[in-house]
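Colleague: Residue numbers (this note's numbering), protein chains in the order written: chain A, 1 to 309; chain B, 1001 to 1302; chain C, 2001 to 2267.
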Amino acid sequence: MTAPLLSLEGVSKTFHVRPVLGAVRRVDALRNITFAIEPGTALALVGESGSGKSTCGRAVIRHFEPSAGTVRFRGENIFENRTRSGDRAYLRAVQMVFQDPFSSLNPTHTIRHHLERPLRLHGGGANIEARLRQTLSDVELDPDTTLEKFPHQLSGGQRQRVSFARALAVGAELIVADEPTSMLDVSIRKSVLDLMRRLKEERNIAFLYITHDIATAHYIAEETAVMYAGQVMERGPSDAVIRNPHHPYSRLLISAVPDPSKRFDANEDDALAFTRQAEAVRAGATQPIAGYREVAPGHFVAYAESDND
Amino acid sequence: MLNLLKIFVRNRKAAFGVFIVAFYVVVALAAPIVTDHDPNKRVSRPHQPPSAEYVMGTTRMGRDVYTQLVWGTRTSLMVGILAGLIVTLIGTVVGLTAAYYGGATDEVLNFATNVVLVLPQLPLLLVLAAFLGQVGPLSIAIIIGLTSWAWGARVTRAQAMTLKNREFIQASQLFGEPVWRMILVEMLPNLLSIIGFNFIGSVIFTVITQATLEFLGLGDPLSVSWGTMLYNAKNASAITVGAWWEMAAPCVAIVIIGIGLSLLNFGVDEISNPRLRTLGAIGKAMKLQKKLDRARLAEKEA
Amino acid sequence: METAKRLLSVQNLCVDYLTPTGIFHAVRNVSLDIGQNEILGLAGESGCGKSTIAFSILRMHRPPAFISDGKILFEGEDVLAFSRRRLEAWRWSEASMVFQSAMNSLNPVLTVFEQFRDMLARHEKLGRDAARAKAGEMLAMVGISEDRLDSFPHQLSGGMRQRVVLAMALTLRPRLIVMDEPTTALDVVVQREILQEIVALRKTLGFSVLFITHDLALMAQFADRIAIMLEGRIVEEGEARSLVAEPQHEYTRKLWAAMPRIEGAAA
């Protein structure tokens, strides 16, 4: 079996927030995160805001160093023995696409500038024009009309495509996509997801797909991990996790996804019951995880100290 | 370019500002053409009121106020712009560097900024000028420039910090742009509005400060500028003796350039921030709505 | 819909924006009705005009937008012809609004109680203690404990803040609440909690809702009738069940197809 492209082993991160007045607050953003991504596959990291999924993404692009645990890229610990050439190689291989299509591009420069810079930095100046055009076509944008435009002249979906093109221009093998479609219009979300699928299948690019929308997870990701309060609750093949969730939190999440066939005909008691159940599940999920049970090959479910099984 | 002009045409405040500033600049440049003689030449009897021959009257020493004003404009504007440039340059560099690097660099630069901000500027300038004796306009420009950059640095830093957190900066860092390119090519173009604003604000400030210093007698009495005109007028007790024109001319000149530059600032903001370019649409829409509302109300009551 | 059942009747509404490059027609000749105790869902993508309609109904649209034509009949009276005084009395007591981001609609420097008091003092002239009792009652109604009255907005979670906003919108027992994407910024579980709350409250208090969103699946669960907007016009309208089962208009079908769905998920 090939070694995974990216693997996180017991990664934890604690932030210390120092307000002007008052005591220093500890925020355990990540607690003992473990998962791996094979080359050319996608893993969906699903969670609500504050679950730590974005923090995970930032750890992978080396925005900060974890407080504990290891992050390996092709087997090598990315935080140890850093050399200049090693750093450059990592930059090339791992890129990020951000959530906000409006602020991911510099409003004062053309699209040409946005793509030329990474192409030059990572591939030299030879044949720039051809490479520019190729990169844009790879993300299904027309080079003739797009190159000379400014970001505000493009739609949100087009801007996100340029962000992907930027990652391609560098030569990325793993793209961390942090909620790439949540700020886009509904009717174009699917086309951007389709683009990601194509890039994965045709160019063998791996994705760490961070999202709060579990319905999109199985659309492009082979594996799904559900996070809450900095911990992974459940992890496994997307199909299994979504159709057969074991952890109470995963079940809560999936039950809350709007299902047109189930109408709300709630009365006061139903509403209160749901809220209470949600609170109880969340309280349980906040407790530190004692370990994982493998309920099916590759399908892991967390359990806490207090769970007797 | 055409869009730029359109903005100035539709934004009346900015258009006015451009007109005033341009007028002053033209006068300063064309000084030899619009005047016939040396500003320090005695042309008539002292304290002549404005007349057909000397439109702004004469000073205590019998010099032509009009000629002095025109040549004074040249000096004052030059000093103002030079000092403004120094202020803007230092302020931008300090603000940008502090914002980009953060951490210890930020702390140190912040401290320096705060010190300069808190310095009682006028007393300091007085002491400096007294120490250096009577200083020419160039020295004044430099002194003012070196002591007034703090506010601009603060403002630039704040703006640069919001910029730094925008994702396109992070993306550039992610694919390995060198720091100098990040600052000059990616961040700077987004800060042009605040820099322009700073520059114009500094010019207003430096023009006034220069006039103040010279009024207090610290300038070179042989040079001709608005400030020295005021100094001479004060020494001649111009107002007391009724020769108001000697004092009024430089005063009005300063006030009007101040107004012109301020109005210009409105335009700068609109140019660099396309989202502010409503070109009067908001006012128009409001009026239109009020009109329609009144019509509907009237219809109902009818 | 028969006249007797109509709470709100928007007729031929036209809202335009004055831009530097000309007039932009955001809402083009839109007509829709909301019945008593009915939830009407207005769906569409960004720029279609749905938020503009929401603001226009309460006449809270801001220049450069202006209502150029049409009528908004609330129980037969044209809201657009209200005098300033009548409008201010009508707002909040008969029709209120819940905005998208609670952090933007709650004053960050006032406690929850102070926000209520402000509103109650203006409309009902209640004294301090009476206001506190009323505020506590409203919070209980949306499932928040009374001791949160003295918290500041930033001390509450996103879901709680939106519940506070909902409680404030319900305080004066309005007949119509306009909700502009109230749960878009919230997590899916919290969204469910809040929407169930709204449905339950509708049963007890009785009010109509104009619910604006881009999430068709959500509306199918929640709304009685749905209207789909595209570029300032309503392209399809009907009972939620039938619109979901058999969408007629091409755009509706496109919206449906665009959402990856979980097929046959276990719950």
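Note that beta-carbon positions come from the ideal geometry of N, C-alpha and C, so glycine has one too.
Answer with yes or no whether the minimum CB distance from alanine 1014 (chain B) to chain C is below 8 Å.
Modeller: no
Colleague: Is asparagine 127 (chain A) helix, strand or coil by DSSP?
Modeller: coil
Colleague: Let me confirm a value: methionine 2179 (chain C) is counted as buried when at least 16 other C-beta atoms fall within 10 Å, else exposed. Which label applies?
Modeller: Classification of methionine 2179 (chain C): buried, given that the 10 Å Cβ count is 16 or more.
Colleague: Tell whether a beta-carbon distance below 8 Å holds between glutamate 230 (chain A) and alanine 29 (chain A).
Modeller: The question names glutamate, but residue 230 (chain A) is glycine in the sequence shown. Cβ distance < 8 Å, so glycine 230 (chain A) and alanine 29 (chain A) count as in contact.
Colleague: Secondary structure at leucine 2230 (chain C), three-state DSSP: helix, strand or coil?
Modeller: Per DSSP, reduced to three states, the secondary structure at leucine 2230 (chain C) is strand.
Colleague: In three-state terms, what does DSSP make of asparagine 1198 (chain B)?
Modeller: helix
Colleague: Ignore the nearest five residues each way along the sequence and tell me which others in proline 248 (chain A)'s own chain have a CB closer than 8 Å to its CB.
Modeller: Val281, Gly284 and Ala285
Colleague: Does the distance from the C-beta atom of tryptophan 1245 (chain B) to that of proline 1120 (chain B) stay below 8 Å?
Modeller: no
Colleague: For alanine 2026 (chain C), name the three-state secondary structure that DSSP assigns.
Modeller: strand
Colleague: Indicate the three-state DSSP secondary structure (helix, strand or coil) for asparagine 77 (chain A) in the structure shown.
Modeller: strand
Colleague: Counting only runs that start and end within the region 99 to 143 of chain A, where is the beta strand (DSSP E) found for 3 or more residues in a row?
Modeller: none
Colleague: Please say whether threonine 70 (chain A) and glutamate 9 (chain A) have beta carbons closer to each other than 8 Å?
Modeller: Between glutamate 9 (chain A) and threonine 70 (chain A), the C-beta spacing is below 8 Å.
Colleague: Measure how close the beta-carbons of arginine 2233 (chain C) and valine 2030 (chain C) come, nearest whole angstrom, since I'm counting them as under 8 Å.
Modeller: 7 Å
Colleague: I'd like to know whether the C-beta of glutamine 134 (chain A) is nearer than 8 Å to at least one C-beta of chain B.
Modeller: No, no contact with chain B.
Colleague: Quick check: the Cα distance between isoleucine 2226 (chain C) and leucine 2170 (chain C), rounded to an integer number of angstroms?
Modeller: Take the alpha-carbon of isoleucine 2226 (chain C) and the one of leucine 2170 (chain C): they are about 23 Å apart.
Colleague: Distance cutoff 8 Å, beta carbons only. Does isoleucine 128 (chain A) sit that close to anything in chain B?
Modeller: It does not: the Cβ of isoleucine 128 (chain A) has no partner Cβ on chain B nearer than 8 Å.
Colleague: Find the nearest neighbour of phenylalanine 2099 (chain C) within the set C:Thr2111, C:Leu2058, C:Phe2113 and C:Ser2068, judged by alpha-carbon distance.
Modeller: C:Leu2058
Colleague: Give me the Cα-Cα distance between arginine 82 (chain A) and valine 27 (chain A), rounded to the nearest whole angstrom.
Modeller: 27 Å
Colleague: Which residues in chain B sit within 8 Å of isoleucine 326 (chain A), going by Cβ to Cβ distance?
Modeller: In the structure displayed, chain A extends from 1 to 309; residue 326 (chain A) sits before or after that span and is not available.
Colleague: Hey, is leucine 1082 (chain B) close to the ligand ZN, as in C-beta under 7 Å from one of its heavy atoms?
Modeller: Ligands in the displayed structure: none, and consequently the ligand ZN is not present.
Colleague: Cβ closer than 7 Å: which chain A residues qualify as neighbours of proline 1189 (chain B)?
Modeller: Ordered by position in chain A, the residues that pass the 7 Å Cβ test against proline 1189 (chain B) are Thr108.
Colleague: Within 8 Å of any Cβ in chain B, is that where the Cβ of leucine 2013 (chain C) sits?
Modeller: no
Colleague: Can you confirm whether valine 170 (chain A), when its beta carbon is compared against all beta carbons of chain B, has any partner nearer than 8 Å?
Modeller: Interface residue, yes.
Colleague: Under a Cβ-count criterion, where at least 16 other Cβ atoms within 10 Å of its own Cβ denotes burial, should alanine 2266 (chain C) be classed as buried or exposed?
Modeller: With a pLDDT of 34 at alanine 2266 (chain C), under the threshold of 50, the modelled position of this residue cannot be trusted; read the value that follows with caution. Exposed is the call here.
Colleague: Please state whether the Cβ-Cβ distance between arginine 72 (chain A) and serine 7 (chain A) is less than 8 Å.
Modeller: Yes, the Cβ-Cβ distance between arginine 72 (chain A) and serine 7 (chain A) is below 8 Å.
Colleague: Which chain B residues sit within Cβ distance under 7 Å of serine 359 (chain A)?
Modeller: Any property of residue 359 (chain A) remains undetermined from this structure, which presents chain A solely from 1 to 309.
Colleague: What does the Cβ neighbour count give for glutamine 1159 (chain B), buried or exposed, with the cut at 16 atoms within 10 Å?
Modeller: Buried, because 16 or more other Cβ atoms sit within 10 Å of the Cβ of glutamine 1159 (chain B).
Colleague: Which of helix, strand or coil does DSSP assign to phenylalanine 15 (chain A)?
Modeller: Three-state result, phenylalanine 15 (chain A): strand.
Colleague: For the beta strand (DSSP E) that proline 237 (chain A) lies in, which residues bound it at each end?
Modeller: 231 to 237
Colleague: Put histidine 2154 (chain C) into one of helix, strand or coil per three-state DSSP.
Modeller: DSSP places histidine 2154 (chain C) in helix when its eight states are reduced to three.
Colleague: Could you tell me which whole beta strand (DSSP E) segments of length 3 or greater appear in the region 243 to 304 of chain A?
Modeller: 289 to 296 and 299 to 304
Colleague: Aspartate 2078 (chain C) versus chain B: which residues are under 8 Å apart at the beta carbon?
Modeller: Correct list: Arg1296 and Lys1300.
Colleague: For the beta strand (DSSP E) holding phenylalanine 2259 (chain C), just list the boundary residues, first then last.
Modeller: This sequence places methionine at residue 2259 (chain C); phenylalanine is not what is there. Where methionine 2259 (chain C) is concerned, there is no enclosing beta strand (DSSP E), given that its DSSP letter is neither H nor E.
Colleague: Out of B:Gly1080, B:Glu1177 and B:Thr1113, state which residue places its alpha-carbon closest to the alpha-carbon of histidine 113 (chain A).
Modeller: B:Glu1177
Colleague: Within 8 Å (strictly less), CB to CB, does glutamate 1177 (chain B) reach chain A?
Modeller: yes
Colleague: Count the other CB atoms within 10 Å of the CB of proline 2247 (chain C); is the residue buried (16 or more) or exposed (fewer)?
Modeller: buried
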